[in-house]
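To convert a position in the sequence shown, counted from 1, into our numbering, add 525.
Read the structure below first, then the notes.
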Amino acid sequence: MKRIITALLILLAALAITGCEEAVIIPTDQFQKRPYLLYTNDNTSMTVAWQTTGQTQHAYIDWGSSTTYTNRSVVWGDSANLYTFTIEGLTPQSRTYYQVTVANESATGSFMTAPLAAATNLTFYAYGDNRDGPIAQDGLLARLLIDMRALPDDRQTFCLHGGDLTFYGLDENQWDEYFFNREYTSTLDFLAQFPVMIALGNHEGYSASYLHEDQPGLLARKYWPYPYYAETGESYYSFDYGPAHFTVIDQYSNNKSYTIESSAQYNWIEADLLATAKPWKFVVFHEPAWTASTQEGYHGNNTTIQQELCPVFAQNGVQVVIQGHQHFYARVSPPDGRQYLTLGGGGAALNPPDANAAYLAASAQAFHFARFDIEGDVLTVSVLDENGALLDQFSVSK
Ligand SMILES: [Fe+2]
Numbered sequence: 526m527k528r529i530i531t532a533l534l535i536l537l538a539a540l541a542i543t544g545c546e547e548a549v550i551i552p553t554d555q556f557q558k559r560p561y562l563l564y565t566n567d568n569t570s571m572t573v574a575w576q577t578t579g580q581t582q583h584a585y586i587d588w589g590s591s592t593t594y595t596n597r598s599v600v601w602g603d604s605a606n607l608y609t610f611t612i613e614g615l616t617p618q619s620r621t622y623y624q625v626t627v628a629n630e631s632a633t634g635s636f637m638t639a640p641l642a643a644a645t646n647l648t649f650y651a652y653g654d655n656r657d658g659p660i661a662q663d664g665l666l667a668r669l670l671i672d673m674r675a676l677p678d679d680r681q682t683f684c685l686h687g688g689d690l691t692f693y694g695l696d697e698n699q700w701d702e703y704f705f706n707r708e709y710t711s712t713l714d715f716l717a718q719f720p721v722m723i724a725l726g727n728h729e730g731y732s733a734s735y736l737h738e739d740q741p742g743l744l745a746r747k748y749w750p751y752p753y754y755a756e757t758g759e760s761y762y763s764f765d766y767g768p769a770h771f772t773v774i775d776q777y778s779n780n781k782s783y784t785i786e787s788s789a790q791y792n793w794i795e796a797d798l799l800a801t802a803k804p805w806k807f808v809v810f811h812e813p814a815w816t817a818s819t820q821e822g823y824h825g826n827n828t829t830i831q832q833e834l835c836p837v838f839a840q841n842g843v844q845v846v847i848q849g850h851q852h853f854y855a856r857v858s859p860p861d862g863r864q865y866l867t868l869g870g871g872g873a874a875l876n877p878p879d880a881n882a883a884y885l886a887a888s889a890q891a892f893h894f895a896r897f898d899i900e901g902d903v904l905t906v907s908v909l910d911e912n913g914a915l916l917d918q919f920s921v922s923k
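If you want it as structure tokens, here you go:
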């Protein structure tokens, strides 16, 4: 009898291990935010973060090159029950499996470290404006995961987010309701496997009463505590990933001074783009310079960015500008030679693009994400909807 019970326990354990890559187990009560990833801007490490529901207690993280997990550390949370642990000493472009355990509950994930700095090929994803549409976001991310799994294994990568991750971004509850919601399994699966690199949206500065606009990104920075944010306290930063450099602009802090030539952020944008030697350069921000609109202003084209910053992008060889805010897909190709994408179909209620917009190359009123494939001197961008239908595809050659 004892042997039978032992055999049954082994079988159950084997089933649990076999299923851990795909299955997401809905937690009962330990995880407020299940594990998600923070890119360290380094190809030999990755930070895993999570938040617990209870009082600060110790948790365990196990990791290794397979789910046998050859390493274990104890991790303590901070006063907000937020835990971060950086796994170091990894090989570039290699897979690491991890498991986080809090009391009797575990959550798993895996990631690829970034490739070598000299790498010539790269895949990454981008979307934005899920805001208050977690169901649509979950469907979209389910498709993104299908897309990623169809790629060669070493193409697992990171994802840009163009902002508006919740409706009231200064309200703690909304982060659990709209972005980290434990009921949406594809979103959890995505977060456990993709570091998400965010640009601030206007909604990251809103409280439920639309007050506190003097604290834009306060909670976004809490949940993405990157050490490489600007020292000014604003949420702009840049990072490298293989052959590409990404410059992420904060449009909301410091009285929105980013387009003014003497401001700290404007000077940083110029210096950052000038300093990088990467062959591929992308700029990310929320409110578009160019989009599918015939209007100017808040929900149209931002002529101030066009006049003050787009020349800086052009002078420094930026190929693609990634934006959001408008809840549709648009690609605008003005005479400055850059491609300006609006990737605002991440889950919030959709809006119609204006087909009469200047220099409009493609548009769609649909939920969508974009996949960027760099192969040496050629970048191919594919924009897909939640059913996998191709909405747009274009290439840029260096
Ligand atoms: Fe927005």
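For every residue, glycine included, the Cβ atom is placed at its ideal position computed from N, Cα and C.
Please read all numbers here as calculations on a predicted model, not as lab measurements.
(message) Is any non-hydrogen atom of ligand 1 found closer than 7 Å to the C-beta of D689, if you look at the structure I gave you?
(response) For this step, residue 689 is matched to residue 164 along the sequence shown. It does: the Cβ of D689 is within 7 Å (strictly closer) of some heavy atom of ligand 1.
(message) Shorter than 7 Å, the distance from the beta carbon of G664 to the closest heavy atom of ligand 2, or not?
(response) Ligands in the displayed structure: ligand 1; ligand 2 is not one of them.
(message) Going by DSSP in three states, H770 sits in which element: helix, strand or coil?
(response) By 1-based counting over the sequence shown, the position of residue 770 is 245. Reduced to three states, the DSSP call for H770 is strand.
(request) Locate the alpha helix (DSSP H) running through R674, then write down its first and last residues. (result) Position 149 of the sequence shown, counted from the first residue, corresponds to residue 674. Where R674 is concerned, the enclosing alpha helix (DSSP H) stretches over 659 to 674.
(message) Taking DSSP's pairing of strands, which residues face R856 in a bridge?
(response) Residue numbering aside, residue 856 sits at position 331 when the sequence shown is read from its first letter. R856 pairs with L866, A887.
(message) Considering only heavy atoms of ligand 1, does any lie closer than 7 Å to the CB of N826?
(response) On the sequence shown, position 301 is the one that residue 826 refers to. Not under cutoff, so the answer is no.
(message) Can you check which of these residues, A891, I899, E702, is closest to D917 by C-alpha distance?
(response) The residue given as residue 917 occupies position 392 in the sequence shown. That would be A891, whose Cα lies nearest to the Cα of D917.
(request) In angstroms with no decimal places, state the Cα-to-Cα distance between P552 and T593. (result) As a working mapping, residue 552 is identified with position 27 in the sequence shown. As a working mapping, residue 593 is identified with position 68 in the sequence shown. Unreliable positioning characterises P552 in this predicted model, as indicated by a pLDDT of 47, which lies under 50. The coordinate reading is nonetheless provided below. For P552 and T593, the distance between alpha carbons rounds to 22 Å.
(message) Given this structure, state the Cα-to-Cα distance separating Q851 from T816, to the nearest angstrom.
(response) Taking the first residue of the sequence shown as 1, we reach residue 851 at position 326. Taking the first residue of the sequence shown as 1, we reach residue 816 at position 291. Roughly 8 Å between the two C-alpha positions.
(request) Have a look at A538 and T595 and give me their C-alpha separation to the nearest angstrom. (result) The sequence position of residue 538 within the sequence shown is 13, counting from 1. The sequence position of residue 595 within the sequence shown is 70, counting from 1. Any answer about A538 is weak, because its pLDDT of 41 lies below 50 and its placement is not dependable; what the coordinates show is given next. About 17 Å.
(request) Please confirm whether any heavy atom of ligand 1 lies closer than 7 Å to the CB of G602. (result) Within the sequence shown, residue 602 is the residue found at index 77, counting from 1. Checking every heavy atom of ligand 1 against the Cβ of G602, none is found closer than 7 Å.
(request) Please confirm if the segment 796 to 815 is in contact with the segment 830 to 845, defined as three or more CB-CB distances below 8 Å between the two stretches. (result) yes
(request) List the DSSP bridge partners of Y503. (result) The structure shown has nothing for residue 503, since the chain only spans 526 to 923.
(request) Give me the Cα-Cα distance between V549 and P813, rounded to the nearest whole angstrom. (result) To locate residue 549, count along the sequence shown from 1; it is residue 24. To locate residue 813, count along the sequence shown from 1; it is residue 288. Only weak support is given to the placement of V549: the predicted model assigns it a pLDDT of 49, under 50, and the question is left unresolved by the model.
(message) Taking only three categories from DSSP, how would you classify A796?
(response) In the sequence shown, residue 796 corresponds to position 271, counting from 1. A796: helix per DSSP, three-state reduction.
(request) Could you check the C-alpha separation between D861 and N827 for me, to the nearest Å? (result) Position 336 of the sequence shown, counted from the first residue, corresponds to residue 861. Position 302 of the sequence shown, counted from the first residue, corresponds to residue 827. Each residue's Cα considered, the two are about 15 Å apart.
(message) Using DSSP's beta-bridge definition, name the partner residues of K803.
(response) Working through the sequence shown from its first residue, we reach residue 803 at position 278. Paired residue(s): none; K803 is not in a bridge.
(request) Could you check the C-alpha separation between Y564 and Y761 for me, to the nearest Å? (result) Along the sequence shown, read from residue 1 onward, the residue named residue 564 stands at position 39. Along the sequence shown, read from residue 1 onward, the residue named residue 761 stands at position 236. Using only the alpha carbons, I get a separation of about 15 Å.
(request) Under 8 Å by Cβ, that's how I've got S591 and Y622 pegged, so tell me the actual separation to the nearest angstrom. (result) Counted from its first residue, the sequence shown places residue 591 at position 66. Counted from its first residue, the sequence shown places residue 622 at position 97. Their Cβ separation, rounded to whole angstroms, is 6 Å, which keeps S591 and Y622 in contact under 8 Å.
(message) Closest to E729 by C-alpha separation, out of R746, V625, M722, would be which residue?
(response) Counting from one through the sequence shown, the residue named residue 729 turns up at place 204. It is R746.
(message) Is the beta carbon of T609 closer than 8 Å to that of A574?
(response) As a working note, residue 574 is residue 49 in the sequence shown. As a working note, residue 609 is residue 84 in the sequence shown. Their beta carbons are under 8 Å apart, which means A574 touches T609 by this criterion.
(request) Specify the secondary structure class of S760 as computed by DSSP and reduced to three states. (result) As a working note, residue 760 is residue 235 in the sequence shown. S760 falls in the coil class under three-state DSSP.
(message) Beta-carbon within less than 6 Å of P560's beta-carbon, same chain only, minus the 5 sequence neighbours each way: which residues are those?
(response) Against the sequence shown, residue 560 aligns to sequence position 35. Hits under 6 Å: V573, W575, V625, A632, G634, A717.
(request) Can you grab the Cα-Cα spacing for the pair D902 / T569, in whole Å? (result) As a first step, residue 902 is located in the sequence shown; it is residue number 377 there, counting from the start. As a first step, residue 569 is located in the sequence shown; it is residue number 44 there, counting from the start. So the two alpha carbons sit approximately 25 Å from each other.
(message) What does the alpha-carbon distance come out to for the pair E795 and Q582?
(response) Position 270 of the sequence shown, counted from the start, is the residue given in the question as residue 795. Position 57 of the sequence shown, counted from the start, is the residue given in the question as residue 582. E795 and Q582: Cα-Cα distance of roughly 44 Å.
(message) I need the DSSP call for K923, collapsed to helix, strand or coil.
(response) For the purposes of this step, residue 923 is taken as residue 398 along the sequence shown, with counting starting at 1. Correct three-state label for K923: coil.
(request) Look at the alpha carbon of P720 and the alpha carbon of Y823, and state the distance between them as a whole number of angstroms. (result) Here residue 720 is taken as the residue at index 195 of the sequence shown, counted from 1. Here residue 823 is taken as the residue at index 298 of the sequence shown, counted from 1. If I take the Cα positions, the gap works out to 29 Å.
(request) Answer yes if the segment 867 to 880 comes into contact with the segment 653 to 672, meaning at least three C-beta pairs across the two stretches below 8 Å, and no otherwise. (result) yes
(message) I'd like to confirm the pairing. Which residues does DSSP put opposite R620 in its beta bridges?
(response) One-based indexing of the sequence shown puts residue 620 at position 95. Answer is M637.
(request) Kindly identify the DSSP beta-bridge partner or partners of V627. (result) Mapped onto the sequence shown, residue 627 falls at position 102. Beta-bridge pairing links V627 to E630.
(message) Distance check for G687 and L744, CA to CA, integer angstroms please.
(response) On the sequence shown, position 219 is the one that residue 744 refers to. On the sequence shown, position 162 is the one that residue 687 refers to. Roughly 16 Å separates the two Cα atoms.
(message) I need the DSSP call for E821, collapsed to helix, strand or coil.
(response) Here the question's residue 821 lines up with position 296 in the sequence shown. Looking at E821 - three-state DSSP - the assignment turns out to be strand.
(request) Work out the CA separation of D567 and M673 for me, nearest whole Å. (result) The residue given as residue 673 occupies position 148 in the sequence shown. The residue given as residue 567 occupies position 42 in the sequence shown. When rounded, the distance between both Cα atoms is 22 Å.
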